[in-house]
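In the numbering used here, the protein residues as written are 14 to 403.
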C-alpha cells in the first residue's frame, strides 16, 4: 500500500487535531448563525411587519453564497486558509455590532450580503478540510460529528436568542463575541487544508462537477431551500399564529436539537446502507413537516416542537449524506470544487425559497409560509424519483 493510500485509509498524521479545530470553528460559527436567523427575522418583523422584507434579507445571504462559492477553490489556493478563515469570522463579528448601530433595512441587506460572502468561503474551506482529513472508512461518522457540532452551535444560538430576547444590545453583542471565539480553534496546530495549485474554479467548473452528480446537487439545493425558509419563517409563522415570542423562538432550538440527536445515527446508517436511498427517505420529512406543523399549530400544541425536531433533523441529513458521497466519489484534486458546487447549490436553494415563502406568508397570513415550505419540500423527492425512472 502506498503512502497516499495509507493516508486515505488512516488519515494524515495529526489529522484529529486539525479536524477538531475545523469542527470547533464551524460549531461556534454555527452558533452565531443560529442566533442571527431569528434575531434578524424578528427585528425586521418589528421594523417593517413584512414577510417580503424578511425574504429579501434572506435573499442577500443566499445571493452571496451563490456569488462566492464558485470562486472559493481558486481563492483558497492563493491565500493562507487559516488567516482567511479568522478574518472572515472577525468581519462577521463586526457585522453583528453594525446591525445594532444602524437599524436601517438597506444597510442590513448590505451587511447580510458581505458577511455571507466570507462565511460561504469559510464553509467551503471547512467542509473540504474535514473531507480531506477524515479516513475513508469512517468519513461518514466524522461528517456526522461535524453536523452534530454545527447543529449544537446552531441550537445554542437559538437558545441564546430565547434567553436574551431579540431586543436591545445583548443578543448583538453575544453574536459578536461568539464569532470572535470561533477564530480561536484555528490557532491549533496540525495539517492544514491542501488546495491543489491547479484547483479548478468558476461557473463552468461548478457546472461540470454538478453534471457528474446531479442527485447530490439537487439534494443540496433542496436542503438550502428548506433550511433557509424554515429557520427564517417558521418562528415568524408561529409568532403570527399566536405563540408567545419566546415560544416561537424556541422552534429554532427544537429543530437544532433534532439535528444533534439524529445526525450521528443517520451518518452511521449512511456508512452501512445506500446513502441515496437514505437521502430520499429523509427528504420526505420536507413534505410531512409543514403539514404536521399546521395541524399542531391549530391549538398551539406543544407537539409543534416535536414535529420541528424531526422535520429539521431529517432534512439536515440530506446535506450530510451528500457530503459523505462527495468524499467517496471525487478525487482529492476535485474535492474543493465539489464542495463549492454543493455550497453553490445550497445557495441557489436558499435564493429560491424565500422569494416564494415570504410573499406567500404576507398574502395568506400566516399559513402561506407553510404552503411555501410544503412546495419546496417536493424538490428532492420528485427529482430523485424522476431520475430513477429515467
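Note that the Cβ used here is the ideal one computed from N, Cα and C, for glycine as well.
As the structure is a prediction and not an experimental result, all values here were calculated from the model.
Coil, strand or helix - residue i by DSSP
i, result
"residue 160", "helix"
"residue 395", "helix"
"residue 223", "helix"
"residue 182", "coil"
"residue 155", "helix"
"residue 406", "For the chain, the structure presents residues 14 to 403; residue 406 sits outside this window and is missing."
"residue 55", "helix"
"residue 388", "helix"
"residue 377", "coil"
"residue 254", "coil"
"residue 201", "coil"
"residue 248", "helix"
"residue 147", "coil"
"residue 23", "Legend: pLDDT at residue 23 = 44, less than 50; position of this residue unreliable, value from coordinates given subsequently. Looking at residue 23 - three-state DSSP - the assignment turns out to be helix."
"residue 165", "helix"
"residue 196", "coil"
Cβ separation of residue i and residue j, assumed to be a contact under 8 Å, to the nearest whole Å
i, j, result
"residue 248", "residue 54", "7 Å"
"residue 407", "residue 355", "There is simply no residue 407 to check, as the chain begins at 14 and stops at 403 in what is shown."
"residue 201", "residue 47", "23 Å between Cβ atoms; not a contact."
"residue 32", "residue 118", "The Cβ separation is near 40 Å, so there is no contact."
"residue 353", "residue 83", "6 Å"
"residue 191", "residue 36", "With 8 Å as the limit, residue 191 and residue 36 do not qualify as a contact, their Cβ atoms being about 16 Å apart."
"residue 245", "residue 377", "About 17 Å separates the two Cβ atoms, so there is no contact after all."
"residue 161", "residue 273", "5 Å"
"residue 242", "residue 386", "6 Å"
"residue 234", "residue 129", "Contact flag wrong, Cβ pair sits at about 17 Å."
"residue 383", "residue 250", "7 Å"
"residue 199", "residue 95", "5 Å"
"residue 271", "residue 323", "6 Å"
Contact test: residue i Cβ vs the ligand PLP heavy atom, cutoff 6 Å
i, result
"residue 321", "Within the structure as shown, the ligand PLP is missing, as the structure has no ligands at all."
Mind listing, in chain order, the continuous beta strand (DSSP E) runs of no fewer than 3 residues lying wholly within the stretch 108 to 133?
none
Closer than 8 Å is the cut-off here; do at least three beta carbon pairs connect the stretch 372 to 390 with the stretch 99 to 112?
no
The stretch 257 to 270 contacting the stretch 161 to 175, beta-carbon criterion three pairs below 8 Å:
yes
Quick one: any contact between the stretch 123 to 141 and the stretch 227 to 239, if contact means 3 or more CB pairs under 8 Å?
no
Touch check for the stretch 227 to 235 and the stretch 67 to 84: three-plus C-beta pairs under 8 Å?
no
I want to know whether the stretch 117 to 136 touches the stretch 332 to 350 - three or more CB-CB distances under 8 Å.
no
So, do the stretch 297 to 312 and the stretch 324 to 333 have three or more beta carbon pairs nearer to each other than 8 Å?
yes
Curious, which full-length alpha helix (DSSP H) runs of at least 4 residues does the stretch 270 to 347 contain?
288 to 296, 298 to 310 and 316 to 342
Whole alpha helix (DSSP H) elements within the stretch 27 to 102, 4-residue minimum
28 to 61, 64 to 81 and 85 to 91
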